[in-house]
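A.B. asks:
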Amino acid sequence: MRLGEGFVHFLRAAYARAYVRIVGSFREPVWLISDAVLPAVGMCAFVLLYRALGAPASFEALAVLGGILSAFWINVLWGMGTQLYWEKQQGQLQLYFVSPVSRMAILTGMAVGGVLATTLRSVAGILLGFGVLGVRVPAFDVGLLAVVFLVSMAALYALGMILSSAFLLFGREAWHVSNALQEPVYFMSGLYFPLRTLGAAAWALAGIVPLGLGVDAMRQVLLGEAAHGLAPVPVETAILAGMAVILLIVARLMLAHLENLSKREGRLAQRWQ
Amino acid sequence: MRVLAARLRTAAWLGWQIESNWAAPFLFVVYAVLRPLAMALILAGMYWAVAPQAARREAFIGFYVANAFHVYITQVMVGLGWVVVEEREDYETLKYVYTSPMGMLTYLAGRSTVRLVLATLSMLLALGVGWFALGLRWDWTQVAWGPFALAYALGLIACVYLGFLVAGAAMLLPRVAITLNESLTVAFYLLCGVIFPIDLLPVGLRQLALVMPFTYWYEALRRFLLGHGASRQLSAWPDATLMAVLAATTVAFAAISHWGYLAMERHARRLGRLDQTTLF
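In order, the protein sequence lines correspond to chains A and B. Quick note: the first sequence uses our numbering, first residue 24, plus one each step. Quick note: the second sequence uses our numbering, first residue 121, plus one each step.
(1) May I ask you to report which of helix, strand or coil DSSP gives B:E302?
(2) With DSSP collapsed to three states, give me the class of A:A78.
(3) Identify each residue in the stretch 257 to 274 of chain A for which the Cβ-Cβ distance to at least one residue of chain B is less than 8 Å, and report them in chain order.
(4) Do the stretch 291 to 304 of chain B and the stretch 198 to 208 of chain B make contact, defined as three or more Cβ pairs closer than 8 Å?
(5) By how many angstroms is the C-alpha of B:A329 removed from the C-alpha of B:G182?
(6) At least one CB of chain B closer than 8 Å to the CB of A:Y119: is that the case?
(7) Cβ of B:V196 within 8 Å of Cβ of B:R257?
(8) With distances taken Cα to Cα, identify the nearest neighbour of B:A374 among B:C279, B:A239 and B:A174.
(9) Could you spell out the range, first to last residue, of the alpha helix (DSSP H) harbouring A:G265?
(10) Just to confirm before moving on: does the CB-CB distance between B:I315 and B:A158 stay below 8 Å?
(11) Identify each residue in the stretch 299 to 324 of chain B for which the Cβ-Cβ distance to at least one residue of chain A is less than 8 Å, and report them in chain order.
(12) Just list the alpha helix (DSSP H) runs in the stretch 255 to 296 of chain B, keeping only unbroken ones of 4 residues or longer that don't cross its boundaries, in chain order.
(13) Hey, is A:I56's beta-carbon within less than 8 Å of any beta-carbon in chain B?
(14) Look at the alpha carbon of B:Y218 and the alpha carbon of B:M224, and state the distance between them as a whole number of angstroms.
(15) Taking B:W168 as the query, report the chain A residues whose CB atoms sit under 9 Å from its CB, ordered along the chain.
(16) Can you give the Cα-Cα distance for B:I193 and A:A68, rounded to whole angstroms?
(17) Taking all protein chains shown into account, decide if A:N98 is buried (16 or more other Cβ within 10 angstroms of its Cβ) or exposed.
(18) Mind pulling the chain B residues with CB within less than 7 Å of A:G29?
(19) So that I know if they touch, is there some Cβ in chain A lying closer than 8 Å to that of B:V296?
(20) How would you label B:V123, buried or exposed, when you count the other beta carbons within 10 angstroms and need 16 or more for buried?
(21) Helix, strand or coil: which one does DSSP assign to B:T361?
(22) Verify the CB distance criterion: does B:W142 have a CB-CB separation below 8 Å to chain A?
(23) Helix or strand or just coil, what does DSSP make of B:Q401?
(24) Taking only beta-carbon atoms, is B:G248 less than 8 Å away from chain A?
(25) Contact check, B:Y309 vs A:A203 under 8 Å by CB: the rounded distance?
(26) Compute the Euclidean distance between the alpha carbons of B:S232 and B:G313, then round it to the nearest angstrom.
(27) Tell whether a beta-carbon distance below 8 Å holds between B:A169 and A:F30.
(28) Is there a Cβ of chain A sitting closer than 8 Å to that of B:A158, yes or no?
(29) Ignoring anything shorter than 4 residues or poking outside the stretch 189 to 265 of chain A, list the alpha helix (DSSP H) runs there in chain order.
(30) A:G265: buried (16+ other C-beta within 10 angstroms of its C-beta) or exposed?
(31) Is B:M166 a contact residue of the ligand ATP, with contact defined as CB to any heavy atom under 7 Å?
(32) Got a sec? Which residues, its chain only, sit under 8 Å from B:L341 by beta carbon, not counting five neighbours each side?
(33) At the 8 Å Cβ level, is B:A174 part of the contact set with chain A, yes or no?
(34) Could you check the C-alpha separation between A:T142 and A:P52 for me, to the nearest Å?
(35) Decide yes or no for the touch test of the stretch 83 to 103 of chain A against the stretch 205 to 216 of chain A: beta carbon pairs closer than 8 Å, at least 3 of them.
(36) Does the CB of B:R155 have a neighbour CB from chain A at under 8 Å?
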């Protein structure tokens with residue numbers, strides 16, 4: 024297969040997987056509640072906590088943005104990280120591996136589809152936060168917000184690809200690990216408070232999960248000084264872009280390594296162990 | 121009585137094996153405390169962030185304490201819904217448990233004991249971290265031990281009984297059980313004023329909050345442990361009134377839950393949903 028043909032093949036496979044992700048997610052209306060409404064409802068509690076503490080209004084906006092972005096982390100965990108594990112449980116993982124397409128194309132399709140589907144669902148958070156709770160933000164640069172968002176998502180979903188490969192090895196632990204990674208990452212990423220609050224530890228935490236820097240940069244675009252940012256937006260965006268590249272390379276290497284390892288150890292098609 | 125105790129013990133032992141045998145004991149303990157601990161740290165982070173501009177320390181300690189106790193809702197009440205989901209969807213053993221002489225209700229009660237122990241550990245850890253690491257302290261001489269113990273016990277009873285109701289709903293609604301469990305966790309967090317006073321809830325939700333026993337539970341725990349509540353509306357109530365309403369709502373919900381569980385279990389069986397798997 025020539026390089027050009029290979030690339031087209033890659034894109035087609037990614038498109039096919041993204042299509043399933045987007046269309047499939049809207050075929051189960053109940054999932055809309057868990058993926059879109061629940062993170063937004065949780066966010067309301069945090070906004071009301073700020074209100075109860077008498078915090079400036081900018082903190083409420085900060086919590087709303089965190090709540091909206093928490094849906095993306097949930098999607099990375101359950102839609103990317105555990106996806107190959109779900110496929111294993113359904114007995115479909117073998118089909119992925121025998122199909123004549125790149126595994127990275129499948130993961131790319133899952134990531135792109137996940138970002139698009141979650142973005143559509145984040146409307147629930149926007150409605151609750153800005154509509155029902157009456158939180159307001161000053162005028163902001165939409166273009167810059169879109170750039171920061173896309174770079175953040177690239178880094179975040181590249182991490183999701185790594186998790187996806189790692190979960191190939193997991194049995195029942197996959198569910199528990201995903202469960203255990205939810206709130207700790209909210210904390211490490213400063214989803215509901217400025218990351219700078221954590222002092223020197225903030226940079227260390229931001230270096231582990233790209234969500235932290237992404238949230239911080241987006242908050243600065245929306246709120247300016249009131250976001251209490253960790254570093255200037257261009258610096259955070261550049262770091263995020265670097266992280267995206269590195270994480271994608273690691274994901275590629277890990278997928279190949281862990282696929283071989285799970286085949287050798289006989290775990291690739293093993294269910295409920 | 122001895123037979124019942126043996127059944128409860130067996131269910132608890134089985135529950136422990138199911139909950140914990142996927143990991144080494146140390147790893148399991150870390151897993152069990154990680155989420156509640158992270159929630160506590162998120163609250164602390166929020167408080168640190170606004171402390172220079174908005175110092176309502178006493179109120180925040182009240183929210184932190186209630187958040188620590190909220191683990192009983194997630195682990196015990198909603199946890200019983202997860203028991204049904206796991207037994208039916210993951211292990212496909214619900215039908216065997218159902219047909220065993222133990223009885224589902226006894227089995228669920230037994231499973232709840234393990235979850236009560238785990239929730240207690242998480243709650244103590246969250247309070248310990250608050251006290252020692254975050255400096256969120258209160259005056260022990262202000263603690264009204266008798267009412268506090270009574271309120272604590274009433275809340276646990278409410279958790280277990282409402283857990284039966286959640287388990288019944290999970291039996292009846294296989295396809296949406298997972299979403300239902302997740303929704304209840306978040307809904308109770310918002311509705312019962314765990315981390316903010318219910319006075320801030322919009323009209324409609326506030327009235328709904330006043331029907332829930334947990335609203336009074338959190339308020340009573342705060343009042344009897346710290347010496348102050350959170351809600352302006354409930355602060356006007358004397359201690360005896362608060363306890364009486366907590367007891368009345370707990371008894372009412374326990375009765376509704378017991379009846380509701382049995383009705384939903386019967387209905388689920390009639391519809392053939394007891395062993396209906398929907399995931400894999």
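C-beta atoms are modelled at their ideal positions from N, C-alpha and C, and glycine is treated no differently.
C.D. replies: Looking at the atomic coordinates:
(1) Reduced to three states, the DSSP call for B:E302 is helix.
(2) Note: A:A78 maps to coil in three-state DSSP.
(3) Listed by position, the residues of the stretch 257 to 274 of chain A near chain B (Cβ gap below 8 Å) amount to none.
(4) For the pair of segments examined, the stretch 291 to 304 of chain B was found to touch the stretch 198 to 208 of chain B: the number of CB pairs separated by less than 8 Å reaches three.
(5) Distance between B:G182 and B:A329, taken at the CA atoms: about 18 Å.
(6) No, its Cβ sits nowhere closer than 8 Å to a Cβ of chain B.
(7) No.
(8) Out of B:C279, B:A239 and B:A174, B:C279 has the C-alpha closest to the C-alpha of B:A374.
(9) In the DSSP annotation of this structure, the continuous segment of the alpha helix (DSSP H) that includes A:G265 starts and ends at V256 to R287.
(10) No, they are not a contact pair.
(11) The residues in question are T299, E302, S303, V306, A307, Y309, L310, V314, I315, F316, P317, L320, L321 and P322.
(12) With a minimum length of 4 residues, the continuous alpha helix (DSSP H) runs that stay inside the stretch 255 to 296 of chain B are 265 to 292.
(13) With its beta carbon less than 8 Å from one in chain B, A:I56 belongs to the interface.
(14) Cα-Cα distance, rounded: 6 Å.
(15) F216, T220 and L221, listed in chain order.
(16) Between the C-alpha atoms of B:I193 and A:A68 there is a straight-line separation of about 16 Å.
(17) Residue burial annotation: A:N98 is buried, with at least 16 other C-beta atoms found within 10 angstroms of its C-beta.
(18) Against chain B, a Cβ distance below 7 Å from A:G29 picks out nothing, because the smallest value is about 34 Å.
(19) Interface residue, yes.
(20) Using a 10 angstroms sphere on the CB of B:V123, the tally of other CB atoms stays under 16, which defines it as exposed.
(21) DSSP, reduced to helix, strand and coil, places B:T361 within a helical segment of the structure shown.
(22) Closer than 8 Å to some Cβ of chain A, the Cβ of B:W142 qualifies, so yes.
(23) Chain B is shown only over 121 to 400; residue 401 of chain B falls outside these bounds and no answer can be derived.
(24) Not one chain A Cβ lies under 8 Å of B:G248.
(25) Incorrect: roughly 19 Å between the Cβ atoms, too far for contact.
(26) Near 24 Å, if we compare the C-alpha coordinates of B:G313 and B:S232.
(27) No, Cβ-Cβ distance for B:A169 and A:F30 is not below 8 Å.
(28) Yes, its Cβ sits closer than 8 Å to a Cβ of chain A.
(29) Listed in chain order, the alpha helix (DSSP H) elements of length 4 or more contained wholly in the stretch 189 to 265 of chain A are 196 to 203, 205 to 211, 224 to 231 and 234 to 246.
(30) Residue environment analysis places A:G265 among the exposed positions, since fewer than 16 neighbouring C-beta atoms fall within 10 angstroms of its C-beta.
(31) This structure lacks the ligand ATP; in fact it carries no ligand of any kind.
(32) Spatial neighbours of B:L341 in its own chain (CB-CB distance under 8 Å, excluding positions within 5 residues in sequence) are listed in chain order as V185, A186, F189, F268, A271, Y272 and G275.
(33) Chain A, which has a Cβ nearer than 8 Å to the Cβ of B:A174, makes this yes.
(34) Approximately 16 Å, taken between the alpha carbons.
(35) Flag = yes, the stretch 83 to 103 of chain A and the stretch 205 to 216 of chain A touch.
(36) Contact with chain A is found for B:R155, since one of that chain's Cβ atoms lies less than 8 Å from the residue's Cβ.
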